[in-house]
Amino acid sequence: GAGVSQSPSNKVTEKGKDVELRCDPISGHTALYWYRQSLGQGLEFLIYFQGNSAPDKSGLPSDRFSAERTGGSVSTLTIQRTQQEDSAVYLCASSRPPSQETQYFGPGTRLLVL
Amino acid sequence: GNSVTQMEGPVTLSEEAFLTINCTYTATGYPSLFWYVQYPGEGLQLLLKATKADDKGSNKGFEATYRKETTSFHLEKGSVQVSDSAVYFCALTIIYSGAGSYQLTFGKGTKLSVIP
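Protein sequence lines, in the order shown, are assigned to chains A and B.
Numbering-wise (this note's numbering), the first sequence opens with residue 1 and increments by one.
Numbering-wise (this note's numbering), the second sequence opens with residue 1001 and increments by one.
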């Protein structure tokens, strides 16, 4: 079956612009996660969704970062007023009961802020 | 807090050599442990996992045993192939009962290159 998909695969933007990153989880997966992979910080958790709710936003680095999920499926991560330090690969993962600890990752969106 | 420490890379091995990538962890609760692999140009893939002490995860000739007494989950393979060249990440998760989140905490990754 189809895996987790993300779009765009690459995004180049200018400092100060807003960007939206999209994630399509595996059908039927109720849990959705966003992570960030950067050279300096490695892989970091950003936010967790269960259905359309986000009970754990503890990894969002600043209030410029937000995310939403609609219909228990697609999620959008928005970064406002991008900064150069936001350059990274943004990864999405999904999972479902009973093995919620096993997450399946998408290919990521590579973001470059100039 | 939770953390994962894995050996620094890069690691370069000849084909058919024995591989060990060390991984140790600290956790505030009882974690599940994972190894993920990222092949060049591809996304993260689950390689193997173990959910309780003394469990052995295995896949594609790779093995790792959950050692609670040493808080370790070292990855091993008896005979590596060129196709095993990738970045390997050790990770843990603990369910946060309040939020129900299984967020993963990752090590920094170890790049493995296997030469013919």
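Even for Gly, the Cβ is constructed at its ideal location relative to N, Cα and C.
Would you grab the beta carbon distance between Asn-1002(B) and Leu-1092(B) for me? Rounded to a whole angstrom, and I think it's under 8 Å. 6 Å
Unbroken beta strand (DSSP E) runs of length 3 or more, entirely within the segment 5-68 of chain A: which are they? 5-7, 10-13, 19-24, 31-38, 42-50 and 53-56
Chain B contacts made by the segment 33-57 of chain A, where a contact means CB separation under 7 Å: Tyr-33, Gly-42, Leu-43, Phe-45, Tyr-48, Gln-50, Pro-55 and Asp-56
CB contact below 9 Å: Glu-68(A) versus chain B: no
Would you mind working out which of Pro-8(A), Thr-13(A) and Tyr-104(A) sits nearest Gln-80(A), comparing C-alpha positions? Thr-13(A)
Is the segment 1040-1054 of chain B touching the segment 1019-1027 of chain B, taking contact as three or more C-beta pairs under 8 Å? no
So within the segment 1004-1052 of chain B, which uninterrupted beta strand (DSSP E) runs reach at least 3 residues, ignoring any that extend past its ends? Listed in chain order, the complete beta strand (DSSP E) runs (minimum 3 residues) inside the segment 1004-1052 of chain B are 1011-1014, 1019-1021, 1023-1026, 1032-1038 and 1044-1050.
Per DSSP, Leu-112(A) forms a beta bridge with which residues? Val-12(A)
Measure from the alpha carbon of Phe-1062(B) to the alpha carbon of each residue in Glu-1076(B), Thr-1071(B) and Thr-1051(B), then state which is nearest. When each option's Cα is compared against that of Phe-1062(B), the closest is Glu-1076(B).
Is Gln-80(A) close to chain B? Criterion is C-beta to C-beta, closer than 9 Å. no
Work out the CA separation of Ser-1058(B) and Thr-76(A) for me, nearest whole Å. Between Thr-76(A) and Ser-1058(B), the C-alpha separation is close to 35 Å.
Does Gln-1045(B) get closer than 9 Å to chain A when you measure Cβ to Cβ? yes
According to the Cβ coordinates, are Thr-30(A) and Pro-97(A) closer than 9 Å? yes
Taking Cβ positions, are Val-1080(B) and Glu-1015(B) nearer each other than 9 Å? yes
Does the CB of Tyr-1066(B) have a neighbour CB from chain A at under 9 Å? Not one chain A Cβ lies under 9 Å of Tyr-1066(B).
Please state the DSSP three-state secondary structure of Ser-1058(B). In the structure shown, Ser-1058(B) sits in a strand (DSSP, three-state: E or B).
Buried or exposed: where does Asp-63(A) fall if 16 or more other Cβ atoms within 10 Å of its Cβ makes it buried? Burial check for Asp-63(A): the Cβ neighbour count within 10 Å stays below 16, so the residue is exposed.
Can you check whether the C-beta of Leu-1075(B) is within less than 9 Å of a C-beta belonging to chain A? no
Answer yes or no: do Tyr-90(A) and Leu-60(A) have a C-beta to C-beta separation smaller than 9 Å? The answer is no: Cβ separation not under 9 Å.
For Leu-91(A), go through chain B and note every residue whose CB falls closer than 9 Å to its CB, in chain order. Gly-1043 and Leu-1044
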